[in-house]
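Each residue of the sequence shown is one higher than the one before, counting from 1 in the UniProt record's numbering.
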Amino acid sequence: MESGFNIELVLADSLYGESSQFIRKIAEYNLGYVVSIRSNHGVWLPAGQRVRANKWCKFERTFSNQKSETRYIREIIYLCLWMI
């Protein structure tokens, strides 16, 4: 932002998604964001907040050595409006 970038939405993996300092900085800039968090990472939601959890989906993860594993992914969605 200070370098002249026009950013509207931030996408981040769980390394950044689990960083409260990173999330606070995004909120300071009043940016929308989508972040990943691990399944064992806790999150406090505002009172009355609803969460939507989609069904688990199976997929094949293929590694660089061409071996593959069956993995599962689930999308959990909530809207969080930060007030600064």
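Idealized CB from N, CA, C, for every residue including glycine.
Computed from a prediction, not measured in an experiment: that's the story for all the values here.
- Query: Nearest-angstrom Cα distance between S36 and A12?
  - Reply: As a working mapping, residue 36 is identified with position 36 in the sequence shown. As a working mapping, residue 12 is identified with position 12 in the sequence shown. Taking the straight line from one Cα to the other gives about 6 Å.
- Query: In terms of residues, what are the limits of the alpha helix (DSSP H) holding G17?
  - Reply: What you label residue 17 is simply residue 17 of the sequence shown in a count that begins at 1. Looking at the DSSP string, the run of the alpha helix (DSSP H) that includes G17 is S14 to G17.
- Message: According to DSSP, is A47 part of a helix, a strand, or is it coil?
- Response: The residue given as residue 47 occupies position 47 in the sequence shown. Coil at A47, not helix or strand.
- Message: From the DSSP secondary-structure annotation, give me the bridge partner or partners of E69.
- Response: One-based indexing of the sequence shown puts residue 69 at position 69. Bridge partners of E69: R61.
- Item | C-beta atoms of S14 and R50 nearer than 8 Å | As a working mapping, residue 14 is identified with position 14 in the sequence shown. As a working mapping, residue 50 is identified with position 50 in the sequence shown. In this structure, R50 does not lie closer than 8 Å to S14 by Cβ.
- Does the beta-carbon distance from F59 to I73 come in below 8 Å? As a first step, residue 59 must be located in the sequence shown, where it is residue number 59. As a first step, residue 73 must be located in the sequence shown, where it is residue number 73. Yes, the pair counts as a contact, with Cβ atoms nearer than the cut-off.
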